[in-house]
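So the structure is just underneath, and the comments pick up after that.
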Amino acid sequence: MAYKEVLTYSFHAAFYISLILSAFFLVVFIAYAVKWLKPRLANRSPREHKPTKSERIAELERQVAELQAKEKNAE
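See the structure below:
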């Protein structure tokens with residue numbers, strides 16, 4: 002019976018040691034990923050303003066008015 006208890010304890014010890022090692026490697030991986038990604042995210046250029054639908058319509062209407070004015074001047 003003592004041998005069985007030793008096996009049980011060694012199994013639990015091996016399980017906890019592997020759990021601790023896995024957690025350690027996970028922390029190291031995350032630290033390197035953050036270290037690698039941080040400069041790349043900091044150097045990203047800001048996004049350009051994308052015009053809204055109403056802004057696009059207003060721009061097209063302005064262009065149409067300009068073309069109509071050019072046509073009138075050409076006549």
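In the working numbering, the protein residues as written are 2 to 76.
Every residue gets a Cβ at the ideal spot worked out from N, C-alpha and C, and that includes glycine.
Asked	Found
Pro47 and Glu60 closer than 8 Å at C-beta	no
CA-to-CA distance, Phe26 to Phe16, given in whole angstroms	15 Å
6 Å Cβ shell around Met2 - same chain, five flanking residues per side excluded	Note that Met2 scores 46 on pLDDT, short of 50, meaning its location in the model is unreliable; the coordinates nonetheless yield the value given after this. Here the set comprises nothing.
Coarse secondary structure for Asn74, derived from DSSP in three states	helix
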